[in-house]
Amino acid sequence: MIYLAVLMALLGCMALLDARYKLFFFARPLAATVTMAAGLAYFLAWDVWAISLGIFLHRESPLMTGIMLGPQLPLEEAFFLAFLCYQTMILFTGLLAGRRHRRTARSADKQLVEHDGGPRTGDAA
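Here the sequence shown stands for residues 10 to 134, numbered as in this note's numbering.
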């Protein structure tokens with residue numbers, strides 16, 4: 010149960026960042042929902058494939074709920090994958106927003122320098 014609570018807290022932290030900076034769900038909710046659903050479906054399919062090959066195995070732990078979505082697939086795995094997808098999209102959209110912000114700031118600085126560096130009215134020639 011502790012692991013699920015930690016994952017939910019981490020998802021909450023990602024949502025707070027998203028809400029504050031309007032990066033993903035708070036910027037484009039429909040596109041974000043489709044992207045998250047596609048990412049979650051992809052990684053869950055990957056997990057099921059790896060489980061079928063015997064690569065991924067679930068071990069009992071007192072930190073987990075014990076609820077299984079399928080053979081060897083605990084509930085916490087879905088929350089972990091959701092966190093993984095959300096974190097990746099927050100990082101990606103955050104980097105894009107940072108680049109846009111720097112470009113805008115650089116452009117504004119350049120315009121300020123051009124404005125300040127030009128001839129001034131009222132100056133003696």
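Cβ atoms here follow ideal geometry from the backbone N, Cα and C, with glycine treated the same way.
- The C-alpha of G75 is placed about 30 Å away from the C-alpha of I99.
- In the structure shown, M77 adopts extended strand secondary structure according to DSSP, grouped into three states.
- Excluding the 5 residues flanking it on each side, T113 has no same chain C-beta neighbour closer than 7 Å.
- In this structure, V57 is the residue among G107, T102 and V57 with its C-alpha nearest to the C-alpha of P83.
- When only Cα atoms are considered, T97 and C22 end up about 13 Å apart.
- The straight-line gap separating the alpha-carbon atoms of I60 and L66 is approximately 6 Å.
- Cβ-Cβ separation between F52 and T102: approximately 19 Å, too far for a contact (criterion under 8 Å).
- Judged by DSSP in its simplified three-state form, P71 adopts coil rather than helix or strand.
- Scanning the region 20 to 63 for uninterrupted alpha helix (DSSP H) segments of 4 residues or longer gives 38 to 61, listed from N- to C-terminal end.
- Around the beta carbon of L39, fewer than 16 other beta carbons lie within 10 angstroms, which makes this residue exposed.
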